[in-house]
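Asker: First to last, the protein sequences are chains A and B. My numbering applies: residue 1 is where the first sequence begins, and numbers increase by one. My numbering applies: residue 1001 is where the second sequence begins, and numbers increase by one. Glycine included, C-beta positions come from ideal geometry on N, C-alpha and C. Computed from a predicted model, the values in this text were never measured in an experiment. Mind looking over this structure? Questions follow.
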Amino acid sequence: MKVEEKLALNKFNIDREVHIRVDEGKCRGCDLKPCIYACPAECYVLWADGHVTFSYEGCLECGSCRFSCDKDAIDWVNPRGGFGVCYQYG
Amino acid sequence: MMENFDAVVVGAGPAGCAAALTMARAGLNILVLERGQYVGAKNMWGGAFFGPVMSELFPDFWKEAPVERYINRHVISFMTKEDCLSVDFKSPRGDYDSAPGFIMLRAKFDRWMGGKVEEAGAIIATGLEATDFIFEGNQIRGVKVGDEEFLANVVVLADGANSLLAAKARLRGDFKAKDLKQGVKEVIRLPREVIEDRFGISGSEGVVMEFVGACTRGLPGGGFIYTNQESLSVGVVVQLSALLEKQVKVSDLIDEFKDHTSVRPLLRNGETVEYSAHLIPVSGVKMMPRLYADGILVAGDAAAMVLGTGLILEGANFAMAAGAAAGETVIRASEKKDFTASILGHYELLLKDRFVLKDLQTFRNAPHFLENPRIYNAYPELACSVMRSIFHSDGKPRSNTFNILGKAMKGKVGLWQMITDAMKARKAL
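Next comes the structure, spelled out in structure tokens:
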């Protein structure tokens, strides 16, 4: 089962406002891309040409990515109150 | 004039709810801010709760709280890629008096607990995230939610492992990846009878299974299965820094774990209904922040009040005990009408006097001990290969068990190393 299929089972109240911003300029200079391995929701995707894209919609708000980036490229806050993941089981 | 609360509690998890409940019962005017759409929306855990704090706060709680199952069977397994060696402890009665713990799902449980907090007279405002403090000099005088301000004599900070406010209150710097474990979990639905048959339980009995070894590809951490009434909580927990260093995705690990020959049959025909993730601060006293300052107390995950020794895993229990202690401290401060650090320091004394800081002190070396890679690699391999040799029959004369052990250890771990590790275990655990 792919992660995106698992995420599709979760309930999200997705905000129009992006809560995590990734500075692509800083990101480009990073060889290891640890964010790829930090995110359990695979919100960070490494493409063949070596650049990383980020999508906030499936974010589980665990915070792992912000501890992974040593380029200070991730500006991390929670989604606005009431938005984001809404666990039904937890 | 703007309302001045006796205390604003940030976060309606176990720590925040215990604090709010304690204060509201003493007649204080309490506001709880919860960023989730409802209480429990952001919260997840492996699944079990231990200890008497619950019944101190909520006498007879098990009669009405949404307990999934009472733990009466505990299985600990060493796992290699293919094999699995388990210690299976079963204690027959699955009722409260004899049960060492309860299995619960947080969305249901936290919501129930929030209801109790409201019954006691506190206000819980959901969908509101406290983003900053109101300062009066060095004294914290409340919190801001965007442009809105909520004044209070004291703020009880219980906003979890990712507390951004703890740094803003200058209580701590950021946690480090080395001091954090990442947990992911799937809730897998199965009919109640199937769960009871597969796990050898009935009625309200429940099972906790913990796995060490190949489930994390030998990285510090482990796998777990908890039985709920009509679902299983299945997941892995791994040191975050190890994932980053070894370039391993936890999303791959949970799939490998679910597909292990010893796990797959337990999950057969189950339907995943939720996928969740969370960070756990695991380094204990070493990463603990300052617990109080002028106008503020911090409790629970935000203060790294978690104990993991491999066998014992305590988070929510500590959080609730700390929350209650924070509540008692605010009650005392309200009587004295003094909310400076000198009075709030009583909180740390209470924690030192109770099991929270005592346990964390007793097991202060456990986090470091548990970083030993042999626990997750060499020892599971060794244990399983010894068992494999003992049970193997190839028509040739057998070796005695001691020789089998000696042979199995070759290349994996030295005798001296094993003795040293055992001594360290004795000290740390």
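Would you give the residue range spanned by the alpha helix (DSSP H) that residue 1388 of chain B belongs to?
Answerer: It spans 1378-1391 - the alpha helix (DSSP H) in which residue 1388 of chain B sits, taken as one unbroken run.
Asker: Count the other CB atoms, across all protein chains shown, that sit within 10 Å of the CB of residue 1181 of chain B; report buried if there are 16 or more and exposed otherwise.
Answerer: Flag for residue 1181 of chain B reads buried.
Asker: Alpha carbon to alpha carbon, how far is residue 1130 of chain B from residue 21 of chain A? Give it in angstroms, no decimals.
Answerer: For residue 21 of chain A and residue 1130 of chain B, the distance between alpha carbons rounds to 20 angstroms.
Asker: Decide if residue 1359 of chain B is buried, meaning its Cβ has at least 16 other Cβ atoms within 10 Å, or exposed.
Answerer: Buried: at least 16 other Cβ atoms inside 10 Å.
Asker: Would you decide whether residue 1224 of chain B is buried or exposed? Buried here means 16 or more other CB atoms lie within 10 Å of its CB.
Answerer: Per the 10 Å Cβ criterion, buried.
Asker: Between the segment 1298-1307 of chain B and the segment 1198-1207 of chain B, are three or more C-beta pairs nearer than 8 angstroms?
Answerer: Verdict: no, contact absent.
Asker: Comparing alpha-carbon positions, which option in A:31, A:61, A:66 lies nearest residue 49 of chain A?
Answerer: The shortest Cα separation from residue 49 of chain A among A:31, A:61, A:66 belongs to A:31.
Asker: Provide the residue(s) that pair with residue 1152 of chain B in DSSP beta bridges, ordered along the chain.
Answerer: According to DSSP, residue 1152 of chain B bridges with B:1005.
Asker: Which residue wins for smallest C-alpha separation from residue 1216 of chain B, given the options B:1183, B:1274, B:1119, B:1072?
Answerer: Taking only the C-alpha atoms, the option nearest residue 1216 of chain B is B:1183.
Asker: According to DSSP, what are the bridge partners of residue 1075 of chain B?
Answerer: Residue 1075 of chain B is bridged to B:1088, B:1209.
Asker: Can you tell me which of the three DSSP states residue 1126 of chain B falls into?
Answerer: In the structure shown, residue 1126 of chain B sits in a strand (DSSP, three-state: E or B).
Asker: Rounded to whole angstroms, how far is the Cβ of residue 1274 of chain B from the Cβ of residue 1234 of chain B, which I believe are closer than 8 angstroms?
Answerer: Contact flag wrong, Cβ pair sits at about 11 angstroms.
Asker: Under 7 angstroms Cβ to Cβ from residue 1375 of chain B, same chain only, skipping five residues before and after it: list those, please.
Answerer: Excluding residues within five positions, the ones whose Cβ falls inside 7 angstroms are 1212.
Asker: Which residue wins for smallest C-alpha separation from residue 1245 of chain B, given the options B:1178, B:1014, B:1162?
Answerer: Comparing Cα-Cα distances from residue 1245 of chain B to each of B:1178, B:1014, B:1162, the minimum goes to B:1178.
Asker: Enumerate in chain order the residues of its own chain whose CB-to-CB distance from residue 1077 of chain B is below 6 angstroms, with the five nearest sequence positions on each side excluded.
Answerer: So the qualifying residues of the chain are 1084, 1086, 1211.
Asker: How far does the beta strand (DSSP E) with residue 1139 of chain B in it extend, from its first residue to its last?
Answerer: Run containing residue 1139 of chain B: 1139-1145, per the beta strand (DSSP E) assignment.
Asker: So, does the segment 1032-1039 of chain B touch the segment 1118-1132 of chain B, judging by three or more C-beta pairs under 8 angstroms?
Answerer: Yes, they touch.
Asker: Less than 7 angstroms between the C-beta atoms of residue 1044 of chain B and residue 1276 of chain B, yes or no?
Answerer: In this structure, residue 1276 of chain B lies closer than 7 angstroms to residue 1044 of chain B by Cβ.
Asker: Do you know how far the Cα of residue 1322 of chain B is from the Cα of residue 1161 of chain B?
Answerer: Roughly 15 angstroms separates the two Cα atoms.
Asker: Determine, using beta carbons only, whether residue 1320 of chain B and residue 1018 of chain B come nearer to each other than 7 angstroms.
Answerer: In this structure, residue 1018 of chain B lies closer than 7 angstroms to residue 1320 of chain B by Cβ.
Asker: Kindly provide the ranges of any beta strand (DSSP E) runs that are 3 or more residues long and lie completely inside the segment 1174-1251 of chain B, ordered along the chain.
Answerer: For the segment 1174-1251 of chain B, whole beta strand (DSSP E) runs of length 3 or above, ordered along the chain, are 1180-1189, 1205-1213, 1221-1227, 1231-1239.
Asker: I'd like to know if residue 55 of chain A contacts chain B, where contact means its C-beta is closer than 7 angstroms to some C-beta of that chain.
Answerer: For residue 55 of chain A, the answer is no, since every Cβ of chain B falls outside 7 angstroms of its Cβ.
Asker: List, in order along the chain, the chain A residues whose C-beta lies closer than 7 angstroms to that of residue 1039 of chain B?
Answerer: Under the 7 angstroms cutoff, chain A gives no residues; its nearest Cβ is about 11 angstroms from residue 1039 of chain B.
Asker: What residues in the segment 1143-1155 of chain B have a beta carbon less than 8 angstroms from any beta carbon of chain C?
Answerer: Protein chains A and B are contained in the structure displayed, whereas chain C is not.
Asker: Determine, using beta carbons only, whether residue 12 of chain A comes closer than 7 angstroms to chain B.
Answerer: It does not: the Cβ of residue 12 of chain A has no partner Cβ on chain B nearer than 7 angstroms.
Asker: To the nearest angstrom, how far is it from the Cα of residue 1370 of chain B to the Cα of residue 2 of chain A?
Answerer: Distance between the alpha carbons of residue 1370 of chain B and residue 2 of chain A is about 31 angstroms.
Asker: Run through the DSSP bridge pairs and tell me what residue 991 of chain B is partnered with.
Answerer: Look at the range of chain B in this structure, 1001 to 1429, and you will see that residue 991 of chain B is not part of it.
Asker: Buried or exposed for residue 1414 of chain B, please, with buried defined as at least 16 other CB atoms from any protein chain shown within 10 angstroms of its CB.
Answerer: By the neighbour-count rule (16 or more Cβ atoms within 10 Å), residue 1414 of chain B is not buried but exposed.
Asker: Going by CA-CA distance only, name the one from B:1081, B:1368, B:1016 that's closest to residue 1258 of chain B.
Answerer: Here the closest residue by C-alpha is B:1081.
Asker: For residue 1069 of chain B, which residues does DSSP report across the bridge?
Answerer: For residue 1069 of chain B, which the question treats as bridged, DSSP gives the partners B:1103.
Asker: Quick one: is residue 1309 of chain B buried, meaning 16 or more other Cβ sit within 10 Å of its Cβ, or exposed?
Answerer: Result: buried.
Asker: Taking only the alpha-carbon atoms, compute the straight-line gap between residue 1014 of chain B and residue 1317 of chain B and give it to the nearest angstrom.
Answerer: Roughly 8 angstroms between the two C-alpha positions.
Asker: Should the segment 1045-1058 of chain B be called in touch with the segment 1162-1174 of chain B, which here means at least 3 C-beta pairs below 8 angstroms?
Answerer: No, they do not touch.
Asker: Around the Cβ of residue 1346 of chain B, are there at least 16 other Cβ atoms within 10 angstroms (buried) or fewer (exposed)?
Answerer: Residue 1346 of chain B comes out buried.
Asker: Which residues in chain B have a C-beta closer than 8 angstroms to the C-beta of residue 65 of chain A? List them in chain order.
Answerer: Result: empty, since nearest Cβ-Cβ is about 10 angstroms, beyond 8 angstroms.
Asker: What's the C-alpha gap between residue 14 of chain A and residue 84 of chain A?
Answerer: Whole-angstrom Cα-Cα distance: 5 angstroms.
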